[in-house]
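Order-wise, the sequence lines are chains D and R. Sequential numbering from 1 applies to the first sequence in this note's numbering. Sequential numbering from 203 applies to the second sequence in this note's numbering. Note that beta-carbon positions come from the ideal geometry of N, C-alpha and C, so glycine has one too.
There are 2 protein chains.
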Amino acid sequence: MPERGRPRTFDRTAALRRAMELFWAKGYEGTSIADLTAAMGIGSPSLYAAFGSKEALFLEATDYYTGTEGTEIWTALDEAPTACQAIENFLRQTAKAYSRNDRPQGCLIALGALHQDSSSGAICDDLRRRRAENHTLLLRRLERGVAEGELPAGFDSDAAATFYATVQHGMSIQARDGASCDALMATVAGAMAAWQGLAGTA
Amino acid sequence: MPERGRPRTFDRTAALRRAMELFWAKGYEGTSIADLTAAMGIGSPSLYAAFGSKEALFLEATDYYTGTEGTEIWTALDEAPTACQAIENFLRQTAKAYSRNDRPQGCLIALGALHQDSSSGAICDDLRRRRAENHTLLLRRLERGVAEGELPAGFDSDAAATFYATVQHGMSIQARDGASCDALMATVAGAMAAWQGLAGTA
DNA sequence: TCCTTTATGTAACGATCGATACATAAATTT
DNA sequence: AAATTTATGTATCGATCGTTACATAAAGGA
């Protein structure tokens with residue numbers, strides 16, 4: 001049974017991608033409905049009929065971001081044979097993705113809505129939850145390194161995951177300041193220089 | 203010759219401090235004139251007479267921030283006897299300052315206006331310039347370490363300064379996510395674990 | 001005392017904010 | 001063909017945005 005009623009005249013996914021790019025570049029509160037409708041090529045009633053509200057559109061856009069832009073960064077975590085290589089690949093992919101100049105620099109999850117009081121609370125909480133999930137992914141990979149004997153038993157996986165997640169967050173701001181991929185790689189090198197010390201094998 | 207005309211009935215510096223706290227908590231675009239006048243306890247004409255515009259008020263507020271909240275973080279750089287201790291004290295002071303719960307978490311310079319397209323361009327450029335100045339302070343201290351023989355001649359001071367500045371930026375986001383001082387100290391420990399590797403003395 | 005100067009309080013400016021009412025268009029169902 | 005359902009375009013809603021006109025108040029200078 002196909003859809004009833006008049007079919008929509010625009011590509012919903014393409015419009016969502018445009019919305020994602022706008023939120024990514026300008027943040028949640030910096031993006032207006034007028035900005036969105038102009039970029040998506042639709043009228044505001046179509047936007048509200050298809051996505052519900054600005055808040056719902058943002059949440060769906062971050063989901064789309066996670067499923068498209070975010071994948072290449074995080075798949076490296078599970079594929080690399082060692083935790084050390086996993087973290088390094090993770091940071092290198094981050095450097096490459098954050099510095100691409102055919103799309104906004106930095107990360108939508110990190111930069112989209114940082115001010116709880118002014119942005120919608122639900123938006124801010126959702127991004128916070130996603131950042132916490134990313135921390136958990138790093139933590140799981142490090143714990144796997146401990147379980148496999150790569151890292152010593154006393155290794156503080158939580159502290160290390162926090163450290164590397166924080167470095168990645170900082171890279172978003174660095175990228176927003178115009179840092180090249182090479183400049184971001186300098187930060188990656190610094191972060192990986194910490195590995196020996198953290199692993200306690202020096 | 204004292205001031206001519208009717209004297210103002212509010213403390214200009216106290217009002218500026220209130221404005222700084224608001225911008226710090228909510229960001230530039232998230233803070234409205236109505237928010238400001240309510241917190242500063244004055245009417246909008248008084249605000250404009252005393253500070254010129256929202257943009258000028260923000261610039262003055264960031265200056266005030268740099269001269270008050272920022273000092274304790276950066277004075278550690280020149281006072282510590284070694285570059286290594288200077289960086290560590292710098293990060294420890296950052297951890298303590300960013301996690302205080304009697305004021306907004308994180309750094310106004312890092313979080314105040316990250317979206318060039320939506321925020322006023324001048325605001326964004328000013329914060330970027332201040333972040334670049336901070337990078338320069340780190341760079342100078344590291345170069346001093348090279349000049350004094352603490353660090354090897356081939357030490358890449360610029361890359362290391364970028365790394366530590368990036369870590370500090372990440373700590374702003376981490377602090378905004380509610381990280382305690384101890385949690386931030388875990389990041390500091392990670393960043394300092396990189397020192398041996400960066401200095402090439404391992 | 002009058003004049004000039006600066007600050008305050010009220011009230012409102014045009015522009016934009018997110019969101020929607022309404023009539024019309026285009027599809028399926030009966 | 002008539003009825004139902006969904007989407008689009010126009011036009012606009014009340015609220016808020018940053019900013020300012022205007023009249024009044026409070027100070028020093030003449």
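Chain R residues whose Cβ lies nearer than 7 Å to that of residue i
{"i": "S53 of chain D", "result": "Here the premise fails: no neighbours, minimum Cβ distance about 19 Å."}
{"i": "E29 of chain D", "result": "E231 and G232"}
{"i": "D102 of chain D", "result": "Under the 7 Å cutoff, chain R gives no residues; its nearest Cβ is about 16 Å from D102 of chain D."}
{"i": "R176 of chain D", "result": "L316"}
Within-7 Å CB hit, residue i to chain D
{"i": "T268 of chain R", "result": "no"}
{"i": "V348 of chain R", "result": "no"}
{"i": "A299 of chain R", "result": "no"}
{"i": "R294 of chain R", "result": "no"}
{"i": "G392 of chain R", "result": "yes"}
{"i": "M222 of chain R", "result": "no"}
{"i": "A401 of chain R", "result": "no"}
{"i": "T389 of chain R", "result": "yes"}
{"i": "I375 of chain R", "result": "yes"}
{"i": "G372 of chain R", "result": "yes"}
{"i": "M203 of chain R", "result": "Residue confidence is low: M203 of chain R scores 48 on pLDDT, short of 50, so the model does not pin down where it sits. Its coordinate-derived value is still stated next. No, M203 of chain R lies away from the interface with chain D (no Cβ there is under 7 Å from its Cβ)."}
Identity of the residue in the options nearest residue i by Cα
{"i": "S382 of chain R", "options": "D:T162, D:G170 and D:S180", "result": "D:T162"}
{"i": "Y300 of chain R", "options": "R:W397, R:A377 and R:R208", "result": "R:A377"}
{"i": "D304 of chain R", "options": "R:E271, R:E335 and R:D280", "result": "R:E271"}
{"i": "K26 of chain D", "options": "D:P7, D:M171, D:I109 and D:W195", "result": "D:I109"}
{"i": "L138 of chain D", "options": "D:S44, D:F90, D:S46 and D:P7", "result": "D:F90"}
{"i": "H317 of chain R", "options": "D:G43, D:E72, D:T62 and D:W24", "result": "D:W24"}
{"i": "Y28 of chain D", "options": "D:S44, D:A61, D:I42 and D:M40", "result": "D:A61"}
{"i": "A186 of chain D", "options": "R:M394, R:A367 and R:S234", "result": "R:A367"}
{"i": "R128 of chain D", "options": "D:G52, D:G112, D:A14 and D:D11", "result": "D:G112"}
{"i": "T136 of chain D", "options": "D:A159, D:L22 and D:L36", "result": "D:A159"}
{"i": "R8 of chain D", "options": "D:T31, D:A49, D:T37 and D:A19", "result": "D:A49"}
{"i": "L16 of chain D", "options": "D:E3, D:F58 and D:G145", "result": "D:F58"}
{"i": "E352 of chain R", "options": "R:H371, R:Q398, R:Y267 and R:L238", "result": "R:Q398"}
{"i": "D384 of chain R", "options": "R:A216, R:S246, R:Q295 and R:T215", "result": "R:Q295"}
{"i": "D213 of chain R", "options": "R:I235, R:G392, R:G232 and R:F253", "result": "R:F253"}
{"i": "M373 of chain R", "options": "R:A393, R:S359, R:F357 and R:A355", "result": "R:A393"}
Under 8 Å by beta carbon: chain R residues contacting residue i
{"i": "D117 of chain D", "result": "A227, K228 and G232"}
7 Å Cβ cutoff, residue i in contact with chain R
{"i": "L57 of chain D", "result": "no"}
{"i": "Q85 of chain D", "result": "no"}
{"i": "I73 of chain D", "result": "no"}
{"i": "Q196 of chain D", "result": "yes"}
{"i": "G70 of chain D", "result": "no"}
{"i": "A193 of chain D", "result": "yes"}
Under 8 Å by beta carbon: chain D residues contacting residue i
{"i": "A236 of chain R", "result": "Simply none; closest approach about 12 Å."}
{"i": "A240 of chain R", "result": "The premise fails here: A240 of chain R is roughly 13 Å from chain D at the closest Cβ pair, so nothing lies under 8 Å."}
The ligand FMN heavy atom lying under 6 Å from the CB of residue i
{"i": "E231 of chain R", "result": "Among the components of this structure there are no ligands whatsoever, and the ligand FMN is therefore not found."}
Neighbour list for residue i in chain D, Cβ cutoff strictly below 7 Å
{"i": "A385 of chain R", "result": "T162"}
- Query: What are the complete alpha helix (DSSP H) segments, minimum 4 residues, inside the segment 59-116 of chain D?
  - Reply: With a minimum length of 4 residues, the unbroken runs of alpha helix (DSSP H) contained wholly in the segment 59-116 of chain D fall at 71-79, 83-98 and 108-111.
- Note down, in chain order, all residues in the segment 306-335 of chain R with a beta-carbon under 7 Å from any beta-carbon belonging to chain D. Hits within the stretch, in order: A312, L313, L316, H317, D319, S320, S321, R330 and R333.
- Task: Determine which residues of the segment 135-167 of chain D have a Cβ less than 7 Å from any Cβ of chain R, and write them out in chain order.
- Result: A159, A160, T162, F163, T166 and V167
- Could you give the uninterrupted runs of the alpha helix (DSSP H) lying entirely in the segment 211-248 of chain R, keeping only those of 4 residues or more? 214-228 and 235-242
- Curious, which full-length alpha helix (DSSP H) runs of at least 4 residues does the segment 338-382 of chain R contain? 359-378
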